[in-house]
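Here my numbering is used: the first residue of the sequence shown is 1426, the next is one more, and so on.
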Amino acid sequence: MLASLLTALAADGCRVELCFLKRPGAVGEELLANGLPATVCDLRDTRSPAALLALLRLLRKRQPDLLYIQDHHDCLFWGRLAAGLCGFLPALSPVHSSAQGRLRAFRLPNRLLLGLSPHLATLGQWQERALAEREGLARGDWTAIPNPVPGLAAFTAAAAAPPRAAAGRRELVCVAALRPEKRLQRLLDVLALLQRRRSLRLTLIGEGPERARLEAHAAALGLGDCLRLLGRRDDVAALLPDFDLFLLGSEEEALPLSVLEALISGLPVAAPPHGALPGLLGAGRGLLLAGEAPAAWAEAIDGYLDALPPLPARRAYGRRLAEEHAPERFAARYGRLLARLGGQG
């Protein structure tokens, strides 16, 4: 998302230059491949004051209108301190995963520095409430800019696909990296309970370090062909119409892209009430899974499969979400915000 945003801003005439405190990662390499100029500090440790000195040299040389700082602890601290020392240069930070679970980007030093330039781009009002209640931030110049859905056209096309033919077996899907925080082992526990109630299958789309552990747990539960692991796929949008329900079991989430993709595709979603999910799935638009007990989740999902929202309502909701999370709208919102904070340069 960062790569597409900065590339779009540059194409729209905004002069964008990158600064990497260490070395470029995957996103950085993509940005460099798109021709954006960059300074690579190549620091071994971003906690070192050398980061501040490198930023001060760069800012005094370039004299930018605005400093855009990713919401990582060291970047936030050194970036906002450098901006303050360079004549209170306006600084803007996006807020991605902070204020969820144990993640805290705005500890005391960053809260103090935020007073010098109180500009944040948040994911929505739900996150702004969490920043105030869980991180103790005083309300500043905050602008809500929801994340976009890359490849949006493929998911809107999926919504127009013919509905899945009625069959005896219900098909469930989860798109997630196979990592511990996604709590996929709990989904397997839920699946084991559900298969005692009805015929169904869960498909996991994604790859990660938990794959072997999940395969062993599935074997211990005797799931057999009730579980498929497809690995990483680049055709998720084309696959979603083949399912009846999207499941998410994560320990924490902010604004999960996989849920947006499913809803825009017209697929109903069941997920725990983290981050933006109560707003996305409330009012009958999905199923919020309360508590931690697999038995309670299994009972709730079993009942929901017999009372899914009608397809026309799901498609209409998906169209509204597609409009709200269109990449061009995301870039335009950022463009207006940057112009307001730092001028047109």
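Ideal Cβ positions, reconstructed from N, Cα and C, are used throughout, including at glycine. Model, not experiment: these values are computed from the prediction.
Taking 7 Å as the cut-off, the Cβ atoms of L1537 and W1567 do not count as close.
Counting of Cβ neighbours within 10 angstroms places P1587 among the exposed residues, the total staying below 16.
Here DSSP, grouped into helix, strand and coil, assigns R1626 to strand. Pairing R1595 with L1618 gives a Cβ-Cβ distance that is not under 7 Å.
Using a C-beta cut-off of 8 Å, the stretch 1433-1448 makes contact with the stretch 1459-1472, since at least three inter-stretch Cβ pairs fall below that distance.
If you compare the alpha carbons of R1487, G1509 and Y1729 with that of R1623, the shortest gap goes to Y1729. L1556 sits buried, since 16 or more C-beta atoms from the chains shown fall within 10 Å of its C-beta.
Looking at the DSSP output, E1596 shares a beta bridge with R1626. Boundaries of the beta strand (DSSP E) around A1463: A1463 to V1465. Closest option to A1701, judged by alpha-carbon separation, among E1686, S1683 and A1679: A1679.
In terms of Cα proximity to N1459, the closest of P1605, P1666, L1427 and G1561 is L1427. Between the stretch 1602-1617 and the stretch 1715-1729 there are three or more inter-stretch CB-CB distances shorter than 8 Å, so the stretches are counted as touching. Counting the other CB atoms within 10 Å of its CB gives L1533 a total below 16, which places it among the exposed residues. Per DSSP, reduced to three states, the secondary structure at V1574 is coil, with no helix or strand assignment. Sixteen is the threshold: when 16 or more other Cβ atoms of the shown chains lie within 10 Å of the Cβ of L1501, as they do, the residue is buried.
Under the three-state reduction of DSSP, G1728 is assigned to helix. A straight line joining the alpha-carbon of V1694 with that of L1670 spans about 6 Å. The residues E1560 and L1562, in chain order, have a CB closer than 6 Å to that of F1531 in the same chain once the five nearest residues on each side in sequence are set aside. Counting only runs of 4 or more residues that sit fully inside the stretch 1496-1547, the alpha helix (DSSP H) segments are 1498-1510 and 1533-1539, in chain order. Look at V1452 here: in three-state DSSP terms it is helix. R1604 and L1629 have their alpha carbons spaced roughly 12 Å apart. Counting along the chain, the unbroken alpha helix (DSSP H) around T1432 starts and ends at L1427 to A1436. Per DSSP, the continuous alpha helix (DSSP H) segment holding V1661 begins and ends at V1661 to L1664. The alpha-carbon of P1737 is positioned some 47 Å away from that of C1444. Counted as a single uninterrupted DSSP element, the beta strand (DSSP E) harbouring R1653 occupies residues L1652 to G1656.
Sequence-distant partners of G1674 (beyond 5 residues in either direction) whose C-beta falls short of 6 Å from its own C-beta, in its chain, are R1608, R1611 and L1612. About 7 Å separates the beta carbons of S1690 and G1743, which is inside the 8 Å limit, making them a contact pair. If you look at V1694, you'll find it in the beta strand (DSSP E) that goes V1694 to A1696.
In this structure L1714 is in contact with A1696, their Cβ atoms being roughly 6 Å apart against a cut-off of 8 Å. Under the three-state reduction of DSSP, F1445 is assigned to strand. For T1471, the CB contacts under 7 Å within the same chain, skipping 5 residues up- and downstream, are L1446, K1447 and D1499 in chain order. L1705 is not bridged by DSSP to any residue.
For L1672, the enclosing beta strand (DSSP E) covers residues L1670 to L1672. Classified as exposed, E1454 has fewer than 16 neighbouring CB atoms from the shown chains inside 10 Å of its CB. The alpha carbon of Q1550 has as its nearest neighbour, out of G1438, L1672, L1664 and G1704, the alpha carbon of G1704.
Membership of D1566 in the beta strand (DSSP E) is indicated by the continuous run D1566 to A1569.
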